[in-house]
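Here the protein sequences come in this chain order: A and B.
Going from the first sequence to the numbering used here is simple: count from 1 and add 4.
Going from the second sequence to the numbering used here is simple: count from 1 and add 55.
What follows is a single structure, written as structure tokens, with notes after it.
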Amino acid sequence: MIAQLILTALLFGVLLYAWSEYRRSPVIGNLSFLAALAGLDFVWVPSHATRLAEWAGVGRGVDLVIYIWVMISWILLLNLHLKMRAQLELITALARTIAISNALQALKDDGRSNPPQVPSSGGDLAALQSRHREDDARS
Amino acid sequence: MSLSNNDVFVVIAAYNEEKVLAEVIAEVRGTGYQIVVVADGSTDATAAVAAQAGAIVLSHPVNLGQGAALQTGIEFALLRGAGFIVTFDADGQHRAADIGSLLGALTKHHVDFALGSRFLGTVVNMPRSRRLLLRAATWFTRATTGLKVTDSHNGLRAMTRRGASSIRLRQNRMAHASEILHQIARSGLTYIEMPVTIQYSGYSLAKGQKLSEFVTVLIDLFARRLHR
């Protein structure tokens with residue numbers, strides 16, 4: 005009974021995680037949600053796990069529960085990867101802004117010809133970034 | 056659409072290319088177009104070599120990848136009022152003479168993208184393994200985008216201002232080549248493939264894509280579809 009309560013608490017934690025992640029990544033949210041629901045079902049109705057395990061050829065229900073836990077771990081790992089990608093996108097945006105701003109400033113300092121057709125570089129850079137934010141909101 | 060030299064920006068993404076970059080820039084300068092080199096966190100003298108050769112140099116403070124560098128160069132060129140943008144590899148495998156035919160195709164056929172294809176043109180010294188790899192990548196791109204391209208990973212391409220504005224590369228590394236085609240397909244803008252010459256050298260092969268990187272490309276493309 006104690007093990008069931010501990011597993012239930014952990015799986016409710018996964019449900020909360022699924023809910024919080026759904027907005028950023030619906031695929032991860034849905035997978036986590038389904039895995040946690042299956043886990044709760046198997047913890048409280050072990051016969052379901054046994055029957056499903058027999059049907060799937062896994063053998064024992066407890067093995068199936070372990071496999072589901074492994075699956076949840078993989079989903080969390082995948083999500084960690086996606087979060088790292090999101091961080092990389094922020095770093096990229098920062099590096100890009102620095103590179104473009106420095107180059108525009110250097111050209112201005114050099115007084116090079118071929119001025120931009122845009123009214124002001126700073127304002128246009130901001131406009132470009134604003135467009136990116138709109139793209140993100142749409143995608 | 057008409058073009059003058061000041062309208063055309065050639066964007067070159069470069070990471071530790073000090074050995075060949077001066078030669079590449081000198082060849083492109085012969086066309087008279089403006090050259091933008093994005094030194095992508097290079098740890099050698101790439102930025103200095105590019106500046107000395109007469110290019111406008113943008114420097115990423117850290118290495119982000121070719122896709123990120125090209126996007127930076129494209130955004131800079133758009134800010135400078137570019138009418139046409141050409142992407143060109145830094146390792147010397149492209150020929151500057153092909154830039155004119157790509158730009159000519161944009162104006163002649165009224166399309167937004169002119170994509171270079173080595174399989175319509177000429178390939179010099181391409182190893183068999185590389186050919187198979189590129190064929191597989193092209194097959195994958197055709198299957199996933201619906202675009203009937205013959206060369207999905209050719210870095211030599213030209214685009215109009217409208218085309219460049221519709222592109223936003225979020226794949227920092229090599230997957231950007233597939234991503235561009237996905238975005239072209241999604242935007243509904245027009246494109247044409249043009250024959251170009253790719254000349255492999257020991258240097259460009261050493262710097263080029265490996266089989267393991269294609270696996271990374273597939274993972275990147277898959278991961279990108281999982282999150283917003």
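C-beta: ideal position from N, C-alpha, C; glycine also.
Those residues which DSSP pairs with residue i across a bridge
i	result
Asp144 (chain B)	B:Ala68
Ala7 (chain A)	None, per the DSSP bridge assignment.
Gly210 (chain B)	Bridge partners of Gly210 (chain B): none, in fact.
Ala94 (chain B)	B:Ala69 and B:Ser114
Met249 (chain B)	B:Gly171
Phe139 (chain B)	B:Val63 and B:Thr215
Val178 (chain B)	B:Ile253
Gln89 (chain B)	B:Phe64
Chain-ordered neighbours of residue i on chain A, where CB pairs are closer than 8 Å
i	result
Pro116 (chain B)	Ala99, Ile102 and Ala103
Leu158 (chain B)	Here the premise fails: no neighbours, minimum Cβ distance about 18 Å.
Val93 (chain B)	Ala103
Ala123 (chain B)	Thr96, Ala99 and Arg100
Proximal residues to residue i (C-beta, below 7 Å), its chain only, five neighbours per side dropped
i	result
Asn60 (chain B)	Gly87 and Tyr88
Thr98 (chain B)	Asn71
Gly17 (chain A)	none
Ile274 (chain B)	none
Ala110 (chain B)	Ile80, Ile90, Val91 and Val92
Ala240 (chain B)	Thr200, Gly201 and Leu202
Partners in chain B for residue i, counting only beta-carbon separations shorter than 8 Å
i	result
Asn106 (chain A)	Leu113 and Ser114
Cβ neighbours of residue i in the same chain (closer than 8 Å, five flanking residues each side left out)
i	result
Pro119 (chain A)	Per-residue confidence for Pro119 (chain A) stands at a pLDDT of 45, beneath the threshold of 50, marking its modelled position as unreliable; no derived number is given.
Leu11 (chain A)	Gly43 and Val47
Val75 (chain B)	Ala145, Asp146, Gly147 and Tyr258
Gly63 (chain A)	Ala57
Val69 (chain A)	Gly43, Phe46, Val47 and Ala53
Lys87 (chain A)	none
Sequence-distant residues of its chain with Cβ nearer than 6 Å to residue i (five each side left out)
i	result
Leu35 (chain A)	Ile79
Thr196 (chain B)	Ser207, Ser233 and Leu236
Thr245 (chain B)	Val166 and Asp167
Ala169 (chain B)	Leu157, Ala160, Leu161, Ala213, Ile247 and Met249
Arg150 (chain B)	Thr252
Glu73 (chain B)	Asp99, Ala100, Thr101 and Val104
Phe64 (chain B)	Gln89, Val91, Ala132, Ala137 and Ile140
Thr54 (chain A)	Gly65
Trp59 (chain A)	none
His164 (chain B)	Ile247
Gly128 (chain B)	Val66, Val91 and Val93
Gly96 (chain B)	His115, Val117 and Asn118
Asn180 (chain B)	Tyr255
Contact list for residue i against chain B, beta-carbon separation under 9 Å
i	result
Leu111 (chain A)	Ile111 and Arg135
Length of the line joining the Cα atoms of residue i and residue j
i	j	result
Ser233 (chain B)	Asp113 (chain A)	38 Å
Thr177 (chain B)	Thr252 (chain B)	5 Å
Asp206 (chain B)	Leu56 (chain A)	48 Å
Leu157 (chain B)	Ala192 (chain B)	22 Å
Ser125 (chain A)	Leu108 (chain A)	Confidence at Ser125 (chain A) is low in this model, with a pLDDT of 40, below 50, so its placement is unreliable and the value that follows should be read with caution. Ser125 (chain A) and Leu108 (chain A): Cα-Cα distance of roughly 7 Å.
His85 (chain A)	Pro30 (chain A)	15 Å
His72 (chain A)	Ser24 (chain A)	Per the sequence presented here, residue 72 (chain A) reads as Ile, with His not at that position. Taking the straight line from one Cα to the other gives about 20 Å.
Arg185 (chain B)	Arg173 (chain B)	12 Å
Gly147 (chain B)	Val66 (chain B)	14 Å
Gln8 (chain A)	Gly33 (chain A)	24 Å
Ala45 (chain B)	Gly243 (chain B)	With chain B represented from 56 up to 283, any question about residue 45 (chain B) goes unanswered, as that position is not in the structure.
Ile140 (chain B)	Ala99 (chain A)	21 Å
Arg84 (chain B)	Ala106 (chain B)	13 Å
Asn83 (chain A)	Ala90 (chain A)	10 Å
Ser221 (chain B)	Gly171 (chain B)	19 Å
Phe143 (chain B)	Gly210 (chain B)	6 Å
Gln238 (chain B)	Arg216 (chain B)	15 Å
Leu187 (chain B)	Thr101 (chain A)	38 Å
Leu38 (chain A)	Leu20 (chain A)	12 Å
Trp194 (chain B)	Val204 (chain B)	9 Å
Leu113 (chain B)	Gly61 (chain A)	59 Å
Met229 (chain B)	Leu125 (chain B)	11 Å
Leu92 (chain A)	Ser51 (chain A)	45 Å
Tyr26 (chain A)	Ala40 (chain A)	14 Å
Chain-ordered chain A contacts of residue i [CB-CB under 7 Å]
i	result
Ala105 (chain B)	Within chain A, no residue comes near Ala105 (chain B); the closest Cβ sits about 12 Å away, beyond 7 Å.
Arg131 (chain B)	It is Phe, not Arg, that sits at residue 131 (chain B) in the sequence shown. Residues of chain A passing the Cβ test: Ile104 and Ala107.
Leu76 (chain B)	Correct list: empty, because the minimum Cβ distance to chain A is about 17 Å.
Ala108 (chain B)	Chain A residues near Ala108 (chain B): none, gap ~16 Å exceeds 7 Å.
Leu119 (chain B)	Thr96 and Ala99
Any chain D beta carbon closer than 8 Å to residue i
i	result
Thr127 (chain B)	Here chain D cannot be found, since the structure's protein chains are A and B.
Subject >> Residues of the region 52 to 69 of chain A with Cβ closer than 7 Å to any Cβ of chain B, in chain order >> reply: none
**OP:** Could you name the residues of the region 220 to 247 of chain B whose beta carbon sits closer than 7 Å to any beta carbon of chain A, in the order they occur along the chain?
**Re:** Arg223, Arg225 and Asn227
Original post:
Using a beta-carbon distance cut-off of less than 8 Å, what residues from the region 76 to 101 of chain A approach chain B?
Top reply: Leu82, His85, Leu86, Arg89, Ala90, Leu92, Glu93, Ile95, Thr96, Ala99 and Arg100
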